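K.L.:
Structure in structure tokens, see below.
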Amino acid sequence: MTVAVYMITYMDRVVISNAAPSIRSELGLSLVAMSWIMASFRWSYALFQIPGGWLGDRIGPRRALTLIVTWWSVFTSATAMAWSAGSMTAVRFLFGAGEAGAFPIATRSLSRWLLPGERGLAQGLTHAGSRLGAALTPPLVVYIIGLYGWRAAFYTFGTLGLIWSAVWFAWYRDTPAEHGAVNEAERALIQAGSLDNRSIGASLSWRKMFASSAVWYLCAAYVCYTYALATYLDWLPTYLKEYRHYSLAQMGFYAMLPLLAGTTGDFVGGWLSDIRVRQTGDLNSRRAVAIAGFLCGAICIIPATLTSSAGVCVFFTCLAFFGIELTVGVSWAIPLDIAGDRAGSVSSLMNMCGNIGGAISPIVLGYAVKFYGWNLPFLITATLCALGAALYCKIDLTRNVT
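In this note's numbering, the protein residues as written are 248 to 649.
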């Protein structure tokens, strides 16, 4: 169910990037105007991270996820009703406010159910689900647009979230003790392996969290990651169509390939980080996977950007996105490692900071393309990936922040 909601999360947010050429054509929007629409989602997504994570820690993920998934699904569908740049900006802002709590609360939903040696793989799997959802969306959106127009795509994907919410509330429970399908042996195993058994609603030491250097290095590294992610999620389809001159159908197919590579990277990164933790007994051993991923992204973005061949560009973009996504399972396992039952609040701070970078990304790209062309935004992204690798070298996972 967590993998499924991560898929829906990314499906709902990338519908607009794949529908953007059609939306711009019908509503007469410039590239800069579209960049502000994209940014409105990311600003609200960043600003509502901490309230969303706090909500999950306070009332539990069963009720919190049901509430927010229903909210953002309504506004996914409402995007289809927009008639201007202003109305679409407002709807996407409200959509982002709902999606903001998704990853922190979903991370919190795992904290009572997973042993420490399973956390990286679990986060890799869930984030792989999000990238798989994003990868499957471009051809689906192109198909729906071809038959029914761009507005139908938003109605279709909004409905998925409403169905998920109903199933989640009926099936999920906040603790193993509350779930009738969990036997006593399973409960004992989970309880024995848990690093933090405080009850829902227990207080987090915000002072310790904000004083933790590990938290702030993690947040800074996640800024680098999310900036890169936003560049590809929001603009790759437009880049392939307008700069690499692919047709609409080709755009849908080739925009899918880097996201499939990223799906693999999410899984592999989380899996490798758990192997390293089990082999060494040292949580800091997770860092090597993220460092390698950032460096791979930084190196591969350069030939992807500078080549004159559209095919070579897509190939190296796949490698770059694979590397960037290697870091994700590690980043989202770390809040579980250092914050235990309060992982929702710590991961929400990380995701808030990261998505401030993500909110800046489309605005920078819009103006950079307008004045300097398409190469500069990707070279900036490569530089930030290199910075992300350097920041990961400074993270110390041996200190609990709660």
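Quick reminder that beta carbons are idealized off the backbone N, C-alpha and C, glycines included. These numbers come from a predicted model, not from an experiment.
#1: Apart from the five residues just before and just after Leu519, which ones in its own chain have a Cβ nearer than 6 Å to its Cβ?
#2: Where Gly405 and Val252 are concerned, what is the direct C-alpha to C-alpha distance, given to the nearest angstrom?
#3: Looking at C-alpha atoms only, which residue of Gly367, Ala266 and Ala280 is the closest neighbour of Gly530?
#4: Since Leu274 contacts Val616 with CB under 8 Å, what's their CB separation in whole angstroms?
#5: Secondary structure at Ile642, three-state DSSP: helix, strand or coil?
#6: Assuming Ser578 contacts Leu407 (C-beta within less than 8 Å), just tell me the rounded distance between them.
#7: Which residues bound the alpha helix (DSSP H) around Met498?
#8: Can you tell me whether Ala327 is buried or exposed, with buried defined as 16 or more other CB within 10 angstroms of its CB?
#9: Assign Tyr614 to one of three DSSP states: helix, strand, or coil.
#10: How is Arg305 classed by DSSP in three states: helix, strand or coil?
#11: Assuming Met248 and Trp415 form a contact by the criterion Cβ under 8 Å, report the distance between their Cβ atoms to the nearest whole angstrom.
#12: How do the segment 365–382 and the segment 490–497 stand: do at least 3 beta-carbon pairs fall below 8 Å, yes or no?
#13: Is the segment 532–550 close to the segment 589–604, with three or more CB pairs under 8 Å?
#14: Contact check, Gly576 vs Gln370 under 8 Å by CB: the rounded distance?
#15: Within 10 angstroms of its Cβ, does Asp584 collect 16 or more other Cβ (buried), or is it exposed?
#16: So Ala468 and Leu362 are supposed to be a Cβ contact under 8 Å. How far apart are they, rounded?
#17: Near Leu341, what residues of its chain come up, given a Cβ to Cβ distance below 6 Å and the 5 sequence neighbours on each side ignored?
#18: Quick check: what's the CA-CA separation for Gly300 versus Gly605?
#19: Is it a yes or a no for the segment 293–307 touching the segment 395–405, going by three-plus beta-carbon pairs under 8 Å?
#20: Buried or exposed: Asp304, going by 16 or more other Cβ atoms within 10 Å of its Cβ?
#21: Measure the alpha-carbon distance for Phe563 versus Pro582 and round it to whole angstroms.
#22: So what's Leu362 in DSSP terms, helix, strand or just coil?
#23: Leaving out the 5 sequence neighbours to the left and right, which residues in its chain are closer than 7 Å to Lys641 when beta-carbon positions are compared?
#24: Assuming Pro268 is part of the alpha helix (DSSP H), what are its boundary residues?
#25: Within 10 angstroms of its Cβ, does Arg525 collect 16 or more other Cβ (buried), or is it exposed?
#26: Please tell me whether Gly380 and Met258 are closer than 9 Å, where the distance is taken between their beta carbons.
#27: At the level of alpha carbons, what is the spacing between Ala551 and Ile607?
#28: Considering only residues of the same chain and omitting the five flanking positions on each side of Ala329, which have a CB-CB separation below 7 Å?
#29: Do you know how far the Cα of Trp411 is from the Cα of Pro609?
#30: Once DSSP output is grouped into helix, strand and coil, what is the label at His374?
#31: Quick check: what's the CA-CA separation for Ala458 versus Cys471?
#32: Would you kindly report the start and end of the unbroken alpha helix (DSSP H) that includes Thr566?
#33: Which same chain residues, not among the five before or five after Leu542, have their C-beta less than 8 Å away from its C-beta?
#34: When the Cα atoms are used, what is the spatial distance from Tyr402 to Ala325?
#35: Could you tell me the alpha carbon to alpha carbon distance between Trp482 and Phe625, rounded to whole angstroms?
P.N.:
Straight from the coordinates:
#1: The residue you call residue 519 lines up with position 272 of the sequence shown. Result list for Leu519: Val536, in chain order.
#2: For this step, residue 405 is matched to residue 158 along the sequence shown. For this step, residue 252 is matched to residue 5 along the sequence shown. Rounded to the nearest angstrom, the two C-alpha atoms are 12 Å apart.
#3: To locate residue 530, count along the sequence shown from 1; it is residue 283. Residue 530 is actually Leu in this sequence, not Gly. Cα-wise, what sits closest to Leu530 is Gly367.
#4: Here residue 274 is taken as the residue at index 27 of the sequence shown, counted from 1. Here residue 616 is taken as the residue at index 369 of the sequence shown, counted from 1. In fact, because the Cβ distance is near 19 Å, the residues do not count as touching under 8 Å.
#5: Walking along the sequence shown from the start, residue 642 turns up at place 395. Here Ile642 sits in coil by DSSP.
#6: By 1-based counting over the sequence shown, the position of residue 578 is 331. By 1-based counting over the sequence shown, the position of residue 407 is 160. With 8 Å as the limit, Ser578 and Leu407 do not qualify as a contact, their Cβ atoms being about 26 Å apart.
#7: Taking the first residue of the sequence shown as position 1, residue 498 is located at position 251. Leu495 to Thr527 is the span of the alpha helix (DSSP H), which, as asked, contains Met498.
#8: Stepping through the sequence shown from its first residue, residue 327 is reached at position 80. Of the residues assessed, Ala327 falls on the buried side of the cut-off, its CB having 16 or more other CB atoms within 10 angstroms.
#9: Residue 614 sits at position 367 when you count from the first residue of the sequence shown. Note: Tyr614 maps to helix in three-state DSSP.
#10: Here residue 305 refers to the residue found at position 58 when the sequence shown is read from its first residue. Arg305 falls in the helix class under three-state DSSP.
#11: By 1-based counting over the sequence shown, the position of residue 248 is 1. By 1-based counting over the sequence shown, the position of residue 415 is 168. Right, the Cβ-Cβ distance comes to about 6 Å (below 8 Å), so this counts as a contact.
#12: Contact between the segment 365–382 and the segment 490–497 is absent, with fewer than three C-beta pairs closer than 8 Å.
#13: No, they do not touch.
#14: Here residue 576 refers to the residue found at position 329 when the sequence shown is read from its first residue. Here residue 370 refers to the residue found at position 123 when the sequence shown is read from its first residue. Cβ atoms of Gly576 and Gln370 come within 8 Å of each other, at about 4 Å.
#15: For the purposes of this step, residue 584 is identified with residue 337 of the sequence shown, where counting begins at 1. Note on Asp584: 16 or more other CB atoms within 10 angstroms of its CB, so buried under the neighbour-count rule.
#16: Start at 1 with the first residue of the sequence shown, and residue 468 comes out as number 221. Start at 1 with the first residue of the sequence shown, and residue 362 comes out as number 115. With 8 Å as the limit, Ala468 and Leu362 do not qualify as a contact, their Cβ atoms being about 25 Å apart.
#17: Taking the sequence shown and counting its residues from 1, the one referred to as residue 341 is at position 94. Hits under 6 Å: Phe322.
#18: In the sequence shown, the residue the question calls residue 300 occupies position 53. In the sequence shown, the residue the question calls residue 605 occupies position 358. When rounded, the distance between both Cα atoms is 18 Å.
#19: The segment 293–307, when compared against the segment 395–405, does not touch it at the 8 Å Cβ threshold.
#20: Stepping through the sequence shown from its first residue, residue 304 is reached at position 57. Looking at its Cβ environment, which holds 16 or more other Cβ atoms inside 10 Å, Asp304 is buried.
#21: Position 316 of the sequence shown, counting from 1, holds the residue named residue 563. Position 335 of the sequence shown, counting from 1, holds the residue named residue 582. Spanning the two alpha carbons is a distance of roughly 31 Å.
#22: As a first step, residue 362 must be located in the sequence shown, where it is residue number 115. It is coil, neither helix nor strand.
#23: One-based indexing of the sequence shown puts residue 641 at position 394. Only residues of its own chain outside the window of five on either side were considered, and among them Tyr464 have a CB closer than 7 Å to the CB of Lys641, listed in chain order.
#24: To locate residue 268, count along the sequence shown from 1; it is residue 21. Start and end: Thr249 to Leu274.
#25: Numbered from 1 along the sequence shown, position 278 holds the residue referred to as residue 525. With fewer than 16 Cβ atoms within 10 Å of its Cβ, Arg525 is classed as exposed.
#26: Position 133 of the sequence shown, counting from 1, holds the residue named residue 380. Position 11 of the sequence shown, counting from 1, holds the residue named residue 258. Yes.
#27: One-based indexing of the sequence shown puts residue 551 at position 304. One-based indexing of the sequence shown puts residue 607 at position 360. One C-alpha to the other measures close to 22 Å.
#28: Translated into the one-based positions of the sequence shown, residue 329 becomes position 82. Excluding positions up to five away in sequence, the list reads Met335 and Val338.
#29: Within the sequence shown, residue 609 is the residue found at index 362, counting from 1. Within the sequence shown, residue 411 is the residue found at index 164, counting from 1. Distance between Pro609 and Trp411, taken at the CA atoms: about 30 Å.
#30: For this step, residue 374 is matched to residue 127 along the sequence shown. Correct three-state label for His374: helix.
#31: The count along the sequence shown starts at 1 and reaches residue 458 at position 211. The count along the sequence shown starts at 1 and reaches residue 471 at position 224. Rounded to the nearest whole angstrom, the CA to CA distance from Ala458 to Cys471 is 21 Å.
#32: Here residue 566 is taken as the residue at index 319 of the sequence shown, counted from 1. Rather than Thr, the amino acid found at residue 566 in this sequence is Leu. Run containing Leu566: Ala557 to Leu573, per the alpha helix (DSSP H) assignment.
#33: As a first step, residue 542 must be located in the sequence shown, where it is residue number 295. Taken in chain order, the residues that qualify are Gly570, Cys632, Ala633 and Ala636.
#34: The residue you call residue 402 lines up with position 155 of the sequence shown. The residue you call residue 325 lines up with position 78 of the sequence shown. Cα to Cα, Tyr402 sits roughly 8 Å from Ala325.
#35: To locate residue 482, count along the sequence shown from 1; it is residue 235. To locate residue 625, count along the sequence shown from 1; it is residue 378. Cα to Cα, Trp482 sits roughly 11 Å from Phe625.
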